[in-house]
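Mind the numbering: the sequence shown is residues 78 to 365 in the numbering used here, read in order. Below is one structure, written out as structure tokens, with a few remarks after it.
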Amino acid sequence: MMYRYMTPGVAERVMALGEEALKVGERREVSILFSDIRGYTTMTENMDPTDVLSLLNKYFETMVEAVFNQEGTLDKFIGDALMAVFGAPLPLSENHAWKAVQSALDMRRRLQEFNQHQIFTNQPKINFGIGISSGDVVSGNVGSQKRMDYTVIGDAVNVSARLEAATKEYLCDIIISEHTYRLCHDRVVVRELDLLRVKGKNNALTVYELIGSSKDLIDPQLEKFLYLYQLGRDAYRNRNFSKAITYFQDAQTLKPHDHPVRLHLGRSQAYLETPPPDDWDGAYNAAI
């Protein structure tokens with residue numbers, strides 16, 4: 078059964094440790110990855126149920142491989158979504174945040190290959206959103222005497238689910254939390270999306286769009302775009318909205334259809350006309 082949600086190597090190490098490895102109430106720092114298919118209901122409403130199951134199974138087959146290749150544990154499937162944990166039930170030999178990020182980048186690559194095959198066979202393409210957050214969780218088997226599942230519970234789980242939903246707000250595919258970014262900042266290329274206050278939390282957190290690995294070659298135009306965008310973000314958070322508008326407009330000339338730029342331009346123009354209150358911290362209060 079453990080082979081179904083973790084790699085054979087990890088499963089064998091867990092079995093060697095016995096029930097202690099899955100005891101309830103153990104607290105540890107991990108990274109959580111949530112992934113969800115975009116527009117799933119609309120995409121499948123006219124499909125035969127057998128074809129829907131076949132599509133999901135083929136999709137999940139390659140996505141789970143991306144999780145297992147980075148020693149992640151498959152926590153659960155939730156309809157067309159999946160949740161994976163990096164760093165539990167056993168700690169990883171390498172940075173769990175970096176493992177989760179590498180898995181997400183591999184999922185992005187695998188989705189491109191998957192969609193190429195879908196186009197070739199005249200099947201619908203799939204888009205997804207991924208949210209990754211890191212933090213302390215409580216891990217262990219949860220359930221009843223008749224049915225138990227290994228899972229993790231904690232704020233990091235809730236945040237990663239919120240970030241996955243936020244990909245719809247910013248129209249990007251992978252968003253990571255500030256804690257995840259801090260743990261692997263020297264290995265990734267990101268864009269600071271926002272200071273986000275998610276539903277149910279008082280403290281705002283900085284969230285980032287995952288562009289790629291620092292080992293990847295970055296196009297000079299993209300590099301210039303990210304530089305101008307960050308200058309705009311800095312001016313925006315310092316309440317210099319006229320300067321922020323200039324920087325965001327310059328960035329927009331390089332990527333005319335970029336949604337986060339449009340969002341920030343709209344906010345900056347609104348705040349230029351009606352300044353925010355003195356206690357404004359630059360955070361955006363999300364509905365998710």
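For glycine and all other residues, C-beta sits at the position ideal for the given N, C-alpha and C. These numbers come from a predicted model, not from an experiment.
* **Through-space distance from Asp113 to Asp355, alpha-carbon basis** => Rounded to whole angstroms, Asp355 to Asp113 spans 38 Å at the Cα level.
* **Inter-stretch contact (C-beta, 8 Å, three-pair minimum) for the stretch 167-177 and the stretch 253-263** => Because the criterion of three Cβ pairs below 8 Å is met, the stretch 167-177 and the stretch 253-263 touch.
* **Own chain partners of Lys368 with C-beta closer than 6 Å, once the 5 adjacent residues on each side are dropped** => Any question about residue 368 goes unanswered here, given that the chain covers just 78 to 365.
* To do: Use the C-beta contact count for Arg60: other C-beta atoms within 10 angstroms, 16 or more gives buried, fewer gives exposed.
  => Missing from the structure shown is residue 60; the chain here goes from 78 to 365 and no further.
* Asked: With burial defined as no fewer than 16 other Cβ atoms inside 10 Å of the residue's Cβ, what is the status of Ala378: buried or exposed?
  -> Look at the range of the chain in this structure, 78 to 365, and you will see that residue 378 is not part of it.
* Can you tell me the Cβ-Cβ gap for Asp213 and Arg104, rounded? I've got them flagged as a contact below 8 Å. => Rounded, the Cβ-Cβ distance is 6 Å, consistent with contact.
* Asked: Where does Asp113 sit, in a helix, a strand or coil, going by DSSP?
  -> In this structure, Asp113 counts as strand in the three-state DSSP scheme.
* Residues that DSSP places opposite Asp213 in a beta bridge -> Asp213 is bridged to Glu106.
* Runs of alpha helix (DSSP H) lying entirely within the stretch 122-174, each at least 4 residues, in chain order -> Qualifying alpha helix (DSSP H) stretches, in chain order: 126-145.
* Cα-Cα separation, Tyr247 to Glu142 -> Linking Tyr247 to Glu142 through their CA atoms gives a straight-line distance of about 27 Å.
* Any idea what DSSP makes of Ile253, helix, strand or coil? -> Here Ile253 sits in strand by DSSP.
* **Limits of the unbroken alpha helix (DSSP H) element including Val266** => Val266 -> not in any alpha helix (DSSP H); beta strand (DSSP E) instead, spanning 265-274.
* To do: Give me the Cβ distance between Ala360 and Leu270, rounded to the nearest whole Å; I'm assuming they're in contact under 8 Å.
  => That pair is no contact at about 12 Å.
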